[in-house]
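Here's the structure, in C-alpha cells; my notes come after.
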Amino acid sequence: MSASRINLHDKVVNITRSYLGPAAERFIDRQIENHLHKTPVNLTAKDLLKLITWIRLAVSMLTEDAIIVDEYVKQLEKLAKKSQADK
Amino acid sequence: MKYFGGAVRNYLIMLSAYLLLALLMPINRVEAHHYMLSAEAYHVLRFSLALPLAILWLVAFYGAERVRMYARSVAKTPEGKAYAMISKGCSWLAWGLILVPTASLVLKGIVNVSAGFRPTMIIIINYLELLFTIISFSYIATGARQMAAHAKRTYTPTAAISSQVIFIAGGVLYGYLTFRHLDLLSITSTHNPYFMPVWLIIISIIIPSLYAWFIGLLAAYDIILTSQQSQGVLYRKALQLLAFGLVILIGGLIAIQYLHTVSPRTGLLSLSPALALTYAIYMIMMLGFTLVFLGSRQLKRIEEV
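Right under this line is the structure:
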C-alpha cells in the first residue's frame, strides 16, 4: 500500500516536472500540505481530484496560457481516472 | 513592496550621495571654459548626466534584490547554491555600477583642486572597475557552472570551439586597440593614457580583463545552455528571462570595460561619441536588469503558489 501511495505522488510530480521543472516536487508537496493538510507520501487516489482543483488554480496564477493549464490538468485527470480504476 | 526596503534604502542613500557630490564637488574651470559654461551651468550639466545613471541604478538594485529574494527562497534546494552565487554576482554588479562613478566623481573633485592627482585618479578608477567586474563575473560564472552541472549540461565541441574563436578574436582586437596607446619602445614608460608602465598594464589590466571576459562569456554560455535545455515549460520561460538578462549584463559590462580601455579615460568631462556610446550601453544594461527582475520574480512565484 505504501509503495502505491509513493508511486502516485511520484506520478503527479513526474507530470508536473514537464511544466515546472526542478520546482515540481516542491510545488506538489506545497499543494498537498497547504490544501489537503496531508504529508505528500500519504496522497491517495481519493485526494487527487481535490488536488487537481487546487493545482489548476495555482498554475493559472503562474501563466495566462490556458492551453498549457488545460493540457496539464488533463494529464492529471487521466492519472486520477487510472488510479481510481486500479483501486 | 516592503521586501524591497533594503534595496530602496541603499539606492536612495547612494543616489543622494552621488547627487550631493555632483552639486558640491569643485568644478573644473578648464572644462567649464572649454564648453563656455558658468559654474551653475556646469553643475546642471553634471546633474543631468547623472539622471540616466539614477534610473539604471534603481533598476539594478531592484533586479539584484529580486534575484537575492529568489535565491533565498530556494536556498535549501539542490540548485540553491548556484542561485546564491548568481545573486552575489548581481549584487556586486549593481554596487559596482554605482560605486565606481561615485568614486570617480570624488576623485575628479580632488583633481579639480590638485591637477597632479589626475594620474592617480585614473589608475584607481581603472582598477576599481576591473575589480568589480572580476568579482561579479566570478560569482555569476561559478553559479552558472553549478547550474549547468546540476542540470547535467556540458559543452558540445562546436560550442567550445566557437566560444574560443570569439574570445581569441575579441582578445586580439582588444590587445591591438590598447597597444595603440602605449609606447612600446620602452616597457617602463608611463607616457600613456593609463599612467602606468607598459609591463604593469599588461599584467594588471590587460590579462585580468581578458580573464574576466573569458569567465563572463563562459558564464553567459552556461546560463543560456541551462535555460534552453531545462525541464518544465513554465520554469524554462522564467529561467530564460533571467538568463537573457544576465547575458545582456555580462555583454554590457564587457562592452563598457572594452570602451574604457580602448578609449581611455582622460579624467575630464568629455561630451564625445564615447560618452553617448557608454550611455547607450547603460540603457541596454537597464533592459538586462529588467529581464533579470522579471525572470526571478516569475521563478519566485513558482516557489510561492
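Those sequence lines, one after another, are chains B and R.
Residue numbers for the first sequence follow the working numbering, so the first one is 1 and each next one is one higher.
Residue numbers for the second sequence follow the working numbering, so the first one is 1001 and each next one is one higher.
A virtual CB, placed ideally from N, CA and C, is assigned to each residue, including glycine.
Inset, instruction - Starting from the beta carbon of Thr1077 of chain R, find every residue of chain B whose beta carbon is closer than 9 Å, and list them in chain order. - result: Per Cβ cutoff of 9 Å: Pro22, Ala23 and Arg26.
Inset, instruction - Determine, using beta carbons only, whether Gly1232 of chain R and Leu20 of chain B come nearer to each other than 8 Å. - result: yes
Inset, instruction - Please state whether DSSP places Ala1220 of chain R in a helix, a strand or coil. - result: helix
Inset, instruction - For Val1233 of chain R, return the contacting residues in chain B, with the cut-off set at a CB-CB distance below 8 Å. - result: Neighbours of Val1233 of chain R on chain B, chain order: Ser18, Tyr19 and Ile68.
Legend entry - 8 Å CB neighbourhood of Ala1039 of chain R in its chain, flanking five on each side removed: Ile1027 and Ala1032
Inset, instruction - Using a Cβ cut-off of 8 Å (strictly closer), state whether Leu48 of chain B contacts chain R. - result: no
Inset, instruction - Note the first and the last residue of the continuous alpha helix (DSSP H) segment covering Met1025 of chain R. - result: Per DSSP, Met1025 of chain R belongs to no alpha helix (DSSP H) and is neither H nor E.
Inset, instruction - Kindly list, in the order they appear in chain R, the residues whose Cβ is closer than 7 Å to that of Thr63 of chain B. - result: Leu1234
Inset, instruction - Please determine, among R:Leu1012, R:Leu1021, R:Leu1242 and R:His1181, the residue with the shortest C-alpha to C-alpha distance to Val1262 of chain R. - result: R:His1181
Inset, instruction - Kindly list the residues whose CB is nearer than 7 Å to the CB of Pro1264 of chain R, restricted to its own chain and excluding five residues on each side of it in sequence; keep chain order. - result: Taken in chain order, the residues that qualify are His1181, Pro1193 and Tyr1194.
Legend entry - Through-space distance from Leu1239 of chain R to Leu1299 of chain R, alpha-carbon basis: Rounded to the nearest whole angstrom, the CA to CA distance from Leu1299 of chain R to Leu1239 of chain R is 7 Å.
Legend entry - Pro1101 of chain R versus Arg1301 of chain R: straight-line alpha-carbon distance, rounded: 34 Å
Inset, instruction - Kindly indicate if chain B contains any beta-carbon less than 8 Å away from that of Ser1227 of chain R. - result: no
Inset, instruction - Could you check what DSSP says for Asn1192 of chain R in three-state terms: helix, strand or coil? - result: When DSSP states are grouped into helix, strand and coil, Asn1192 of chain R belongs to the coil group.
Legend entry - Rounded straight-line distance, which links the Cα of Thr1077 of chain R to that of Gly1096 of chain R: 29 Å
Legend entry - Arg1066 of chain R versus Leu1058 of chain R - alpha carbon distance: 12 Å
Inset, instruction - Put His1033 of chain R into one of helix, strand or coil per three-state DSSP. - result: The answer is helix: DSSP assigns His1033 of chain R an H, G or I state.
Legend entry - Segment contact, 8 Å Cβ cut-off, at least three pairs: the region 1136-1144 of chain R with the region 1079-1091 of chain R: Remark: three or more beta-carbon pairs, one from each stretch, lie closer than 8 Å, so the region 1136-1144 of chain R and the region 1079-1091 of chain R are flagged as touching.
Inset, instruction - Spatial neighbours of Ile1205 of chain R within its chain, please: CB distance less than 6 Å, with the 5 preceding and 5 following residues excluded, ordered by chain position. - result: none
Inset, instruction - Could you tell me which uninterrupted alpha helix (DSSP H) segments, each at least 4 residues in length, are contained entirely in the region 1143-1207 of chain R, listed from first to last along the chain? - result: 1157-1179 and 1198-1201
Legend entry - Which listed residue (R:Phe1289, R:Glu1129, R:Leu1277 and R:Leu1021) has its alpha carbon closest to that of Gly1109 of chain R: R:Leu1021
Legend entry - Selected residue, minimal CA-CA separation from Leu1093 of chain R, among R:Leu1107, R:Asn1126 and R:Leu1131: Ranking the options by Cα distance to Leu1093 of chain R, first place goes to R:Leu1131.
Inset, instruction - Work out the CA separation of Phe1179 of chain R and Ala1050 of chain R for me, nearest whole Å. - result: 31 Å
Inset, instruction - In angstroms with no decimal places, state the Cα-to-Cα distance between Glu25 of chain B and Ile32 of chain B. - result: 11 Å
Legend entry - Selection from R:Arg1009, R:His1043 and R:Ala1160 that minimises the alpha carbon distance to Leu1024 of chain R: For Leu1024 of chain R, the nearest C-alpha among the options comes from R:His1043.
Inset, instruction - Starting from the beta carbon of Ala58 of chain B, find every residue of chain R whose beta carbon is closer than 8 Å, and list them in chain order. - result: Near Ala58 of chain B (Cβ distances below 8 Å), the residues of chain R are Val1305.
Legend entry - Cβ contact check for the region 1278-1295 of chain R and the region 1252-1259 of chain R: 3 or more pairs under 8 Å: yes
Inset, instruction - Look up Gly1063 of chain R in the DSSP assignment and say whether it is helix, strand or coil. - result: helix
Inset, instruction - Would you please state the rounded distance, in angstroms, between the beta carbons of Lys38 of chain B and Asp29 of chain B? I believe it to be under 8 Å. - result: Lys38 of chain B to Asp29 of chain B, Cβ: 10 Å. No contact.
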